[in-house]
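First comes the structure, then the notes that go with it.
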Amino acid sequence: MVRPPLPVPGWLRSRGGQPEAYCHRAMLDAIRYLVDNGTKWRAMPADFPPWDRVYAFFRRWRNHDLVRERAGRDSEPARA
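Per our numbering, the sequence shown starts with residue 1, numbered consecutively.
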């Protein structure tokens, strides 16, 4: 249910780059922790992936939604 709105990594779209080092579940858990507890990115517990990797994932996800909106599409993909 959560996977469809997530952006596809560049390496899966043949744009180069390396496979992601952390699973999406860990990234989403870290973002949810941050939102729920109101902590700062750099104060994220060590149980999660490094804060800069989580922030890059979040930023890519946010930008993916902005691109969809600028193209005149709904930021949320339609569910099949």
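Idealized CB from N, CA, C, for every residue including glycine.
Straight-line Cα distance separating residue j from residue i
i: D82; j: N63; result: Residue 82 lies beyond the stretch modelled for the chain, which goes from 1 to 80, so this question has no answer here.
i: F57; j: G72; result: 23 Å
i: Y55; j: R70; result: 22 Å
i: I31; j: R60; result: 13 Å
i: H24; j: D74; result: 23 Å
Assigned exposure category for residue i - 16 Cβ within 10 Å defines buried
i: P45; result: exposed
Residues of its chain near residue i, where Cβ-Cβ distance is below 8 Å and the 5 sequence neighbours each way are ignored
i: A26; result: F48, P49
i: Y33; result: T39, M44, P45, F48
Expected contact under 8 Å - CB spacing of residue i and residue j to nearest Å
i: R53; j: Y22; result: 6 Å
Contacts around residue i, its chain only, beta-carbon distance under 7 Å, and the 5 residues preceding and following it disregarded
i: L66; result: none
Own chain residues within Cβ distance below 6 Å of residue i, not counting five before or after
i: W51; result: W41, R42, M44
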